[in-house]
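> Just passing along the structure, written as structure tokens.
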Amino acid sequence: MNIGIACYPSVGGSGILATGLGEELAARGHEVHFISYERPFRLPLHAPRLHFHEVGVSDYGLFKYPDYTLPLSVRMAEVSRDFRLDVMHVHYAVPHATAAILARSMLPPEQQPRVVTTLHGTDTTLLGRDADYGPAIRHALNNSDAVTTVSHSLREKTQKLFSLERPIEVIHNFFSPRAPQRAAEEVRRELGVEGRLVVLHSSNLRPIKRVDLLLNTAARLRPADAFKLVILAGGSFEPFRADVRRLGLEGRVIVVERVRAIEDYLQIADLVLYTSDTESFCLSLLEAMYFAVPGVARHVGGIPEVVESGATGLLVDSDNPDDLARAVQELINDPAKRKAMGKAAQERARALFSADAIVPQYEALYRRVCGRGEG
Ligand code: GMT
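Listed below in structure tokens is the structure:
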């Protein structure tokens, strides 16, 4: 099939998932066309059947705010027409779903691709609730040929919020780990964490991630010099420097920015810690599971669909740092338990959230919306 994929190209779960999906689809013989304002950062430069089409954004002086939706929809229509796309699969509704619906309506019926929209999280839970976005998102979802969410939890929230006239299908995320680019010892040396236990956190640091809670939890861990909290920051850490000082965490928190090869850091992690108020899935937890690293996280959103608490990690039903620290401490104090949970986490990731388990579900969906049988 000829498949278009629109996604955010920068570091972020929806873009990582979309890029991984495109690679897997190309490996399975499909022609895959990525459409975005920048090349997705994990997209290989040269790979058979993988193409990238850049969207130009105008800096026309009349505009107070640059517009992305219209040039995106024009590019989508061009790529659909020129490469005879069967499906346009958009990741994250805003603005991709709206642009795809507009692109489709610009084309004559025989050139129109089927539009599949995958909701990833805040496109429902934050923007969906925003009166300035909600009606446009609802319109785009109702006019998509299929809508998927990355967890049952997100499906429920989406149904409740939008009361769509159509079913929503759940297709969980997957991850295909790559080999680390650097040796573990080299990464440890770079970070200065030799001989220390590494607690890893990787996120865009937005308010929903609750970095305040992350730091307050870390400040309670003992002995204080036994661990380092390594934060892979997809956003500015500056607003949190004062918290680090106030909590006496200087020297124990290491911030790394602009990480491209997440695998380099996953290979040296002993556990991961996520304190978000909500996560539709938390792809970062799955990435860690692939490296046999157990996670501690809050029991929110779709996280319980990813982590089986007590078996492949520990989920905490509280936003109290004492409760979170107790769970982390349990894994710090008991290396055997940590190891066993990590191994179980890796097995669960491979069994439930591998490309082989998930990608055929998308292929079947594409075939169905194109009227090529149930798949
Ligand atoms: O929705 C977002 O905040 C952005 C999005 C992203 O692009 O990183 O994250 C969401 O999608 C990921 C991939 O499906 C999920 O793993 C994240 O849990 C989800 N974030 C939230 O729900 C807050």
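Using the numbering used here, you'd call the opening residue of the sequence shown number 939 and step up by one each time. Just so it is clear, CB atoms sit at the ideal spot from N, CA and C, and this is done for glycine as well.
#1: List the endpoints of the continuous alpha helix (DSSP H) containing Lys-1166.
#2: Going straight from the alpha carbon of Ser-1141 to that of Glu-1048, what length do you get?
#3: Look at the Cβ atom of Val-1197, then the Cβ atom of Val-1168, and state whether they are nearer than 8 Å.
#4: In terms of DSSP beta bridges, what is Val-973 paired with?
#5: Alpha carbon to alpha carbon, how far is Asp-1257 from Val-1238?
#6: So, using beta-carbon positions, are Phe-1021 and His-968 closer together than 8 Å?
#7: List, from N- to C-terminal side, the alpha helix (DSSP H) runs of 4 residues or more that fit wholly inside the region 1035 to 1068.
#8: Answer with buried or exposed for Val-995, where buried requires no fewer than 16 other C-beta atoms within 10 angstroms of its C-beta.
#9: Could you tell me if the beta carbon of Asp-1257 falls within a distance shorter than 7 Å of some heavy atom in ligand 1?
#10: Would you say the region 1283 to 1300 touches the region 1224 to 1243, given that touching needs at least three Cβ pairs under 8 Å?
#11: Tell me the DSSP bridge mates of Ala-1235?
#12: Taking the continuous beta strand (DSSP E) assigned at Ser-1141, which residues delimit it?
#13: Assess contact between the region 1029 to 1049 and the region 1004 to 1016, defined as three or more Cβ pairs (one per stretch) separated by less than 8 Å. Is contact present?
#14: Taking the straight line between their C-alpha atoms, what separation do you get for Glu-1301 and Phe-1112?
#15: Go through the region 1073 to 1124 residue by residue and report every complete run of the beta strand (DSSP E) that reaches 3 residues or more, in order.
#16: Return the Cβ separation of Ile-1109 and His-1027 in integer angstroms, given the expectation that the two are a contact with Cβ distance under 8 Å.
#17: Using a Cβ-based criterion (distance less than 7 Å to any ligand heavy atom), does Thr-1213 qualify as near ligand 1?
#18: Which same chain residues end up closer than 6 Å to Ser-1222 when comparing Cβ atoms and leaving out the 5 residues on each side of it in sequence?
#19: Are three or more beta carbon pairs between the region 1148 to 1162 and the region 1180 to 1192 nearer than 8 Å?
#20: Closest to Asp-1163 by C-alpha separation, out of Ser-1174, Ile-1146, Glu-1132 and Arg-1148, would be which residue?
#21: Rank Arg-1076, Asn-1271 and Val-1085 by C-alpha distance to the C-alpha of Phe-1100 and give the top, closest one.
#22: Assuming Leu-1211 and Val-1234 form a contact by the criterion Cβ under 8 Å, report the distance between their Cβ atoms to the nearest whole angstrom.
#23: Around the Cβ of Leu-983, are there at least 16 other Cβ atoms within 10 angstroms (buried) or fewer (exposed)?
#24: CA-CA distance, Leu-1303 and Ala-1084?
#25: Work out the CA separation of Gly-1059 and Met-1044 for me, nearest whole Å.
#26: Give me the Cα-Cα distance between Ala-1121 and Lys-1277, rounded to the nearest whole angstrom.
#27: What separation, rounded to the nearest whole angstrom, lies between the Cα atoms of Gln-1119 and Ile-1200?
#28: Put Gly-1313 into one of helix, strand or coil per three-state DSSP.
#29: Quick one: grab the DSSP three-state call for Met-1014.
#30: Any idea what DSSP makes of Ile-954, helix, strand or coil?
#31: At which residue ranges does the region 1170 to 1204 contain complete alpha helix (DSSP H) runs of 4 or more residues, listed in the order of the chain?
#32: Nearest to Ser-907 by alpha carbon, out of Leu-1138, Cys-945, Leu-963 and Glu-1246?
#33: DSSP three-state call for Met-1026: helix, strand or coil?
#34: Note down, in chain order, each residue of its chain lying with its Cβ closer than 6 Å to the Cβ of Leu-1089, except the 5 sequence neighbours on either side.
#35: Spatial neighbours of Gly-951 within its chain, please: C-beta separation below 6 Å, excluding the five flanking residues on both sides.
So, to answer that:
#1: To locate residue 1166, count along the sequence shown from 1; it is residue 228. Element bounds for Lys-1166: not the alpha helix (DSSP H) but the beta strand (DSSP E), 1165 to 1171.
#2: As a first step, residue 1141 is located in the sequence shown; it is residue number 203 there, counting from the start. As a first step, residue 1048 is located in the sequence shown; it is residue number 110 there, counting from the start. For Ser-1141 and Glu-1048, the distance between alpha carbons rounds to 42 Å.
#3: The residue you call residue 1197 lines up with position 259 of the sequence shown. The residue you call residue 1168 lines up with position 230 of the sequence shown. Cβ distance not < 8 Å, so Val-1197 and Val-1168 don't count as in contact.
#4: Looking up residue 973 in the sequence shown gives position 35. Correcting the residue type first, residue 973 is Ile in the shown sequence and not Val. In DSSP, Ile-973 forms a bridge with Ala-944 and His-991.
#5: Numbered from 1 along the sequence shown, position 319 holds the residue referred to as residue 1257. Numbered from 1 along the sequence shown, position 300 holds the residue referred to as residue 1238. If I take the Cα positions, the gap works out to 10 Å.
#6: Taking the first residue of the sequence shown as 1, we reach residue 1021 at position 83. Taking the first residue of the sequence shown as 1, we reach residue 968 at position 30. No; because the gap between Cβ atoms is not below 8 Å, this pair is not in contact.
#7: 1060 to 1063
#8: Residue numbering aside, residue 995 sits at position 57 when the sequence shown is read from its first letter. With fewer than 16 other Cβ atoms within 10 Å, it is exposed.
#9: Working through the sequence shown from its first residue, we reach residue 1257 at position 319. No - ligand 1 has no heavy atom lying nearer than 7 Å to the Cβ of Asp-1257.
#10: yes
#11: The residue labelled residue 1235 in the question sits at position 297 within the sequence shown. DSSP lists Tyr-1212 and Leu-1253 as partners of Ala-1235.
#12: The residue given as residue 1141 occupies position 203 in the sequence shown. Unbroken beta strand (DSSP E) run through Ser-1141: 1135 to 1141.
#13: yes
#14: Mapped onto the sequence shown, residue 1301 falls at position 363. Mapped onto the sequence shown, residue 1112 falls at position 174. So the two alpha carbons sit approximately 14 Å from each other.
#15: 1084 to 1087
#16: Working through the sequence shown from its first residue, we reach residue 1109 at position 171. Working through the sequence shown from its first residue, we reach residue 1027 at position 89. Ile-1109 to His-1027, Cβ: 11 Å. No contact.
#17: As a first step, residue 1213 is located in the sequence shown; it is residue number 275 there, counting from the start. Checking every heavy atom of ligand 1 against the Cβ of Thr-1213, none is found closer than 7 Å.
#18: The count along the sequence shown starts at 1 and reaches residue 1222 at position 284. Answer for Ser-1222: Ser-1140, listed in chain order.
#19: yes
#20: By 1-based counting over the sequence shown, the position of residue 1163 is 225. Residue Glu-1132 is the option with its Cα nearest to Asp-1163.
#21: Mapped onto the sequence shown, residue 1100 falls at position 162. Nearest C-alpha to Phe-1100: Arg-1076.
#22: Taking the sequence shown and counting its residues from 1, the one referred to as residue 1211 is at position 273. Taking the sequence shown and counting its residues from 1, the one referred to as residue 1234 is at position 296. The pair is a contact, with the Cβ atoms about 5 Å apart (cut-off 8 Å).
#23: Counting from 1 along the sequence shown, the entry for residue 983 is found at position 45. It is exposed - the Cβ of Leu-983 has fewer than 16 other Cβ atoms within 10 Å.
#24: In the sequence shown, residue 1303 corresponds to position 365, counting from 1. In the sequence shown, residue 1084 corresponds to position 146, counting from 1. Looking at the two C-alpha atoms, the distance is approximately 8 Å.
#25: Here residue 1044 corresponds to residue number 106 of the sequence shown, with the count starting at 1. Here residue 1059 corresponds to residue number 121 of the sequence shown, with the count starting at 1. Cα-Cα distance, rounded: 28 Å.
#26: Translated into the one-based positions of the sequence shown, residue 1121 becomes position 183. Translated into the one-based positions of the sequence shown, residue 1277 becomes position 339. Approximately 21 Å, taken between the alpha carbons.
#27: Reading the sequence shown from its first residue, position 181 is the one you call residue 1119. Reading the sequence shown from its first residue, position 262 is the one you call residue 1200. So the two alpha carbons sit approximately 9 Å from each other.
#28: For the purposes of this step, residue 1313 is taken as the residue at position 375 of the sequence shown. Any answer about Gly-1313 is weak, because its pLDDT of 46 lies below 50 and its placement is not dependable; what the coordinates show is given next. Reduced to three states, the DSSP call for Gly-1313 is coil.
#29: As a working mapping, residue 1014 is identified with position 76 in the sequence shown. Here Met-1014 sits in helix by DSSP.
#30: In the sequence shown, residue 954 corresponds to position 16, counting from 1. Reduced to three states, the DSSP call for Ile-954 is helix.
#31: 1179 to 1184 and 1200 to 1204
#32: Nothing can be reported for residue 907: it is not among the residues displayed for the chain, which extend from 939 to 1313.
#33: Here residue 1026 refers to the residue found at position 88 when the sequence shown is read from its first residue. DSSP places Met-1026 in strand when its eight states are reduced to three.
#34: As a first step, residue 1089 is located in the sequence shown; it is residue number 151 there, counting from the start. The residue you asked about is not Leu; residue 1089 is Ser in the sequence shown. For Ser-1089, where only same-chain residues beyond five positions count, the Cβ hits under 6 Å are Ser-1218, Phe-1219, Gly-1240 and Glu-1243.
#35: Residue mapping note: residue 951 aligns to position 13 of the sequence shown, counting from 1. Hits under 6 Å: Leu-1221.
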